[in-house]
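In this note's numbering, the protein residues as written are 109 to 240. Have a look at the structure below before the remarks.
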Amino acid sequence: MDGTNDNLNLLNTSEKPISTKIYFSAGMGFMMVNFFIIVCGTRLFDYYENEIGLDTFIVTIIFVIYALWSIINTPLIGYIVDQPRKFWKKYGKRFLWIVISGLLWSISHIMLFAVPNVDPKKEWVILTIWLL
């Protein structure tokens with residue numbers, strides 16, 4: 109019975125409720141991140157289809173493979189990032205990961221648009237590997 113009372117006491121905390129401004133601010137940040145992700149994805153699809161000349165079906169398959177990879181990769185990265193490390197006491201829990209991922213993200217986005225000069229009809233495999 110004591111365990112039940114302890115759980116009930118956890119529900120009756122006297123923390124301040126989160127204001128509407130905070131919810132709005134967090135929602136706007138999330139919306140802006142998703143906006144840029146959608147714009148980049150749309151532009152990337154258009155770039156590979158219309159400017160590079162890769163077949164629409166191949167670009168679609170690449171995006172599906174990326175989505176499936178993200179299903180596996182995202183929880184795995186979340187698990188790795190949440191593991192305690194000695195370094196985090198000084199700089200914070202996610203500082204190192206933010207710096208590393210920011211650099212890798214920048215390099216990968218530059219590489220997505222710096223496509224090798226190959227014929228998309230004959231050497232579509234090279235472009236497929238490059239886009240993945």
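In this text, a Cβ means the ideal position worked out from N, Cα and C, and glycines have one as well. These numbers come from a predicted model, not from an experiment.
Exercise for the section: Thinking LEU220 and LEU152 are a contact (beta carbons under 8 Å), I'd like their distance in whole angstroms, please. Expected result: 6 Å
Exercise for the section: Confirm, please, whether the CB-CB distance from TRP238 to LEU162 is below 8 Å. Expected result: no
Problem - Distance between beta carbons of TRP213 and VAL189, contact taken as under 8 Å - result: Going by Cβ atoms, the distance from VAL189 to TRP213 rounds to 15 Å, so no, they are not a contact pair.
Handout entry: Counted within 10 angstroms of its Cβ, other Cβ atoms place TYR174 as buried (16 or more) or exposed
Key = exposed
Exercise for the section: Look up GLY161 in the DSSP assignment and say whether it is helix, strand or coil. Expected result: Three-state result, GLY161: coil.
Handout entry: Simplified DSSP assignment, three categories, for LEU240
Key = coil
Practice task
Rounded to whole angstroms, what's the CA-CA distance from LYS230 to ILE146? Just pull it up for me.
Solution key: Each residue's Cα considered, the two are about 30 Å apart.
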